[in-house]
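Chains as they are written, first to last, in the working numbering: chain B, 42 to 156; chain D, 163 to 277. Here a beta-carbon is modelled for each residue, glycine too, at the ideal position from N, C-alpha and C. A short write-up of the structure that comes next.
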């Protein structure tokens with residue numbers, strides 16, 4: 042069965058530190074990849090997505106992610122975090138078959154930025 | 163432009179009872195997906211409705227059923243509630259198309275507590 046692993050459940054950083062959140066998935070075929078974010082008291086919202094093409098994708102608020110097919114990874118990065126980045130981050134994967142609409146989610150990473 | 167709305171916000175039920183949760187998709191969206199999110203975990207896909215039909219189902223028992231109306235709104239029904247059904251139930255809407263390469267917009271969720 043397909044699965045998504047987010048290895049860090051809690052991350053605490055100081056403002057201006059660099060961020061990298063890991064995401065690995067288990068599926069050997071074509072995939073569509075997503076990072077969603079949930080700020081405190083808000084809905085889940087899309088941060089960025091990868092369907093095809095350039096494996097380095099840029100999202101909102103200065104976030105980017107790199108798809109490395111050989112490592113089955115889609116890690117999220119931000120060069121310099123801000124206090125407002127405190128949130129929970131979820132990686133999600135869709136196996137890119139035409140008849141598959143299901144998103145498989147990681148358990149999430151809670152990020153706390155100390156001011 | 164109203165986003166995805168869900169009702170009720172919170173619900174407390176007793177084991178063995180039945181519950182109905184409701185979702186209105188974002189304007190212009192015709193597809194609704196339902197997810198269960200247990201505490202400390204990522205969302206788990208229950209099913210997706212498109213053109214008033216269940217298009218795909220995750221690994222959930224038949225106690226979980228749904229419906230989509232001609233105006234694209236949707237209901238999730240859970241029969242014979244178990245303590246383990248306590249969770250946040252999320253509704254997400256998107257634009258129907260083949261494949262899984264789409265962005266989903268999430269509602270605030272319904273917090274179900276089964277006692």
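Query	Result
Below-8 Å beta-carbon distance, residue 205/D vs any chain B residue	yes
Chain B residues whose Cβ lies nearer than 9 Å to that of residue 265/D	75, 87 and 90
Option nearest residue 135/B by Cα separation, candidates 50/B, 57/B and 115/B	115/B
Status (buried if at least 16 other CB within 10 Å, exposed otherwise) for residue 119/B	buried
Buried versus exposed call for residue 179/D [16 or more other C-beta atoms within 10 Å across all chains shown]	exposed
Residue 245/D (DSSP reduced to helix, strand or coil)	helix
Residue 175/D - DSSP class collapsed to helix/strand/coil	strand
Beta-carbon contacts of residue 227/D that lie in its chain and below 6 Å, excluding the five residues immediately before and after	239
Inter-residue spacing [alpha-carbon to alpha-carbon] between residue 70/B and residue 137/B	7 Å
Residue 84/B at chain D interface by Cβ criterion, 8 Å	yes
Chain D within 8 Å of residue 131/B, Cβ atoms only	yes
Reduced DSSP secondary structure (H/G/I, E/B, other) of residue 103/B	helix
Span separating the alpha-carbon of residue 223/D from that of residue 229/D	16 Å
Within-8 Å CB hit, residue 270/D to chain B	yes
Bounding residues of the beta strand (DSSP E) (the contiguous stretch that carries residue 191/D)	No beta strand (DSSP E) contains residue 191/D, which DSSP labels as neither H nor E.
Residue-chain proximity (residue 43/B, chain D), Cβ-Cβ < 8 Å	no
Distance CB(residue 167/D)-CB(residue 258/D) smaller than 8 Å	no
Residues near residue 75/B in its chain [Cβ-Cβ closer than 6 Å; skip 5 each side]	90 and 133
Pairwise C-alpha distance: residue 58/B and residue 237/D	44 Å
Closer than 8 Å to chain D by CB, residue 149/B	yes
C-beta contact flag for residue 81/B and residue 128/B at 8 Å	yes
Closest by C-alpha distance to residue 251/D, when choosing among 176/D, 183/D, 241/D and 244/D	183/D
Straight-line gap, residue 154/B to residue 88/B (C-alpha atoms, nearest Å)	18 Å
Pairwise C-alpha distance: residue 204/D and residue 148/B	4 Å
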